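Q: Sharing a structure with you now.
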Amino acid sequence: MNGCRMSLLPRIIPLLLLPLLALALLLAPAARAEQCALALRGLETGADLRWRGPCKEGFAHGEGVIEKHGNERKPWRYAGMVERGRPHGRGHLTSYPGNEYSGEFRDGLQEGQGVSLNLLGDRYQGEWKAGKREGKGSIVYALGGRYDGEWKNDQITGQGVAVLSGGQRVEGDAIPRGTPSLATPMSSGQSGTLHLKAEEPRTGSHILHRIVAGGRQPYGASWGQLSEEQRRTFRARYALLDENDEPPYPLGGIGGVLRSVHAVTNAHGEAFPGLLSMIVMVDSEGNAESVKAVVTPTPELSILAARVGMKEKFKPASCSGKPCSMAFPYLMEFTYLR
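In mature numbering (1 follows the signal peptide of the UniProt record, and there is no 0), the protein residues as written are -33 to -1, 1 to 305.
Below you can see the structure in the form of structure tokens.
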């Protein structure tokens, strides 16, 4: 019997150690990941970056996830291949405010084939070089219009074909150039920015809620009351709008929806900090046909904002001198006042 027990010990001990060995293998990558160096571009100094994945020669290297911590309202996350601390190979990048890219990277930047989305829902698919759209590509704009052709330094070159927001098909020099202005609410100190603050704290809270909307139009002015410069500024949001066409516009100005959204969110009693981007499709009679939330802090806010947007009345868009259907954008940011 003693001989049998002695012969079993060498077999039993390794079996007992297997769970410990498995645990060590699971913990080892995490411990190494904390010591992996990252060499990213375009992020603010001091950003708290975390790497989950393998290391090589002191750098993050291989397939894993890089994530920025410490600012939940302005997220940044990359999932994919990394080489010497930088995205290299195929990956997926999400960043504030509502930007996404899925495709190829080289030395930390988008390069090769890729697909991108921005906070309005504009979708580009095609070639990239050094982080910019360059080569052949196509883009579909959420506010109307599509372009298929050549790009250079992130800009349309005109060597292609476009369908404008009003439905006109144009080629070459007739294609509008430039990048649409998103007029995001992030620069809350800019001239023309609207701040709406709750008169009373939320139910059960001592924190005031504020909505900030970026833009340079008077918030109570109709399209007819805007100056020519103010109209040009707003038209700049539409990348492929014919110079003789007009976008839709709220009859009472853009402040009506913003104030209504602000009122219903405060009455709802929930906290919705973050960015809301929504697109309202307006028919040729100035009625809202549909509302789509592209970027939203919560699904609840999307529902509340959509209900408000569907009740708004608009000046219809004008295409070739006739009323037509077209999209209208709302961008707003919810913050706390402490």
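Cβ atoms here follow ideal geometry from the backbone N, Cα and C, with glycine treated the same way. These figures come from a predicted structure and were not determined experimentally.
Could you tell me which whole alpha helix (DSSP H) segments of length 4 or greater appear in the stretch 211 to 274?
A: Segments of the alpha helix (DSSP H) lying fully in the stretch 211 to 274: 222 to 235.
Q: What is the rounded straight-line gap between the Cα of MET299 and the Cα of GLY111?
A: Between MET299 and GLY111, the C-alpha separation is close to 21 Å.
Q: At which residues does the beta strand (DSSP E) containing ARG136 begin and terminate?
A: Start and end: 136 to 138.
Q: With C-beta atoms as the reference, is PRO215 less than 8 Å away from PHE281?
A: Yes, these two residues count as a Cβ contact at 8 Å.
Q: Report yes if the C-beta of ALA255 is less than 7 Å from at least one heavy atom of the ligand MN; otherwise report no.
A: In the structure on display, the ligand MN does not appear, and there are no ligands present to speak of.
Q: If we count the other Cβ atoms within 10 Å of its Cβ and call it buried at 16 or more, is MET245 buried or exposed?
A: Result: buried.
Q: Just tell me which of GLY104, TYR108, ASN233 and ALA109 has its CA closest to the CA of ASP115.
A: Out of GLY104, TYR108, ASN233 and ALA109, GLY104 has the C-alpha closest to the C-alpha of ASP115.
Q: Along the chain, which unbroken stretches of the beta strand (DSSP E) at least 3 residues long are found entirely within the stretch 17 to 55?
A: With a minimum length of 3 residues, the continuous beta strand (DSSP E) runs that stay inside the stretch 17 to 55 are 29 to 36 and 43 to 50.
Q: Please work out which residues of its chain come closer than 6 Å, Cβ to Cβ, to LYS96, disregarding the five sequence neighbours upstream and downstream, and give them in chain order.
A: Around LYS96: GLU78.
Q: Report the option in PHE72, ALA109 and GLY220 whose CA atom is closest to the CA atom of ARG90.
A: The shortest C-alpha separation from ARG90 is found at ALA109.
Q: Can you tell which of GLY219, ARG198, VAL261 and CYS3 has its C-alpha closest to the C-alpha of CYS22?
A: When each option's Cα is compared against that of CYS22, the closest is CYS3.
Q: If SER189 and GLY219 are in contact, beta carbons under 8 Å, what's the gap, nearest whole angstrom?
A: So it is a contact: roughly 7 Å between Cβ atoms.
Q: Assign residue 362 to buried or exposed, taking buried as 16 or more other Cβ atoms, counted over all protein chains shown, within 10 Å of its Cβ.
A: Since the first residue of the chain shown is -33 and the last is 305, residue 362 is not available in this structure.
Q: Counting pairs of Cβ atoms below 8 Å between the stretch 70 to 84 and the stretch 45 to 61, do you hit three or more?
A: Counting Cβ pairs under 8 Å, three or more are found: they touch.
Q: Does the distance from the C-beta atom of VAL262 to that of GLY65 stay below 8 Å?
A: Yes, the pair counts as a contact, with Cβ atoms nearer than the cut-off.
Q: Using a beta-carbon distance below 8 Å, is CYS22 in contact with chain C?
A: In the structure shown, chain C does not exist; there is a single protein chain.
Q: With three or more C-beta pairs closer than 8 Å as the rule, is the stretch 267 to 281 touching the stretch 247 to 256?
A: They touch, by the three-pair rule.
Q: Using the beta-carbon count (16 or more within 10 Å), is ARG53 buried or exposed?
A: That one is buried.
Q: Would you kindly check if the distance between the Cβ of LEU87 and the Cβ of PRO266 is under 8 Å?
A: No, these two residues do not count as a Cβ contact at 8 Å.
Q: Under 8 Å by Cβ, that's how I've got residue 317 and ALA284 pegged, so tell me the actual separation to the nearest angstrom.
A: Residue numbering for the chain in the displayed model covers -33 to 305; residue 317 lies beyond these limits and cannot be assessed.
Q: Quick one, which of LYS99, ARG136 and GLU138 has its alpha-carbon nearest ASP121's?
A: Of LYS99, ARG136 and GLU138, the residue nearest in Cα terms is LYS99.
Q: Between SER292 and VAL249, is the Cβ-Cβ spacing less than 8 Å?
A: In contact: SER292 and VAL249 (Cβ atoms closer than 8 Å).
Q: In terms of alpha-carbon separation, which member of ALA203, ASN233 and VAL247 lies closest to THR302?
A: Residue ASN233 is the option with its Cα nearest to THR302.
Q: So, with DSSP's three-state summary, where would you put GLU279?
A: Residue state, collapsed to three classes: coil.
Q: To the nearest angstrom, how far is the alpha carbon of GLY139 from that of ILE123?
A: About 10 Å.
Q: Residue range of the alpha helix (DSSP H) that ARG73 falls in?
A: No alpha helix (DSSP H) contains ARG73, which is instead part of the beta strand (DSSP E) from 66 to 73.
Q: Do GLY20 and GLU30 have their beta-carbon atoms positioned less than 8 Å apart in this structure?
A: Result yes, Cβ atoms of GLU30 and GLY20 sit closer than 8 Å.
Q: Looking only at its own chain, which residues have a Cβ that is under 6 Å from the Cβ of LEU242, when we skip the five neighbours before and after it?
A: The answer, listed in chain order, is PRO64, VAL262 and GLU300.
Q: Please name the residue in LEU76, TRP43, TYR68 and HIS55 whose C-alpha comes closest to that of SER62.
A: The shortest Cα separation from SER62 among LEU76, TRP43, TYR68 and HIS55 belongs to TRP43.
Q: Residues bridged to GLU94 by DSSP?
A: Answer by DSSP bridge pairing, in chain order: GLN80.
Q: Check for me: the alpha helix (DSSP H) holding GLN122 runs from which residue to which?
A: No alpha helix (DSSP H) holds GLN122; the beta strand (DSSP E) holding it covers 122 to 130.
Q: Would you report the Cα separation of THR200 and LEU193, rounded to the nearest angstrom?
A: Computed Cα separation, rounded: 10 Å.
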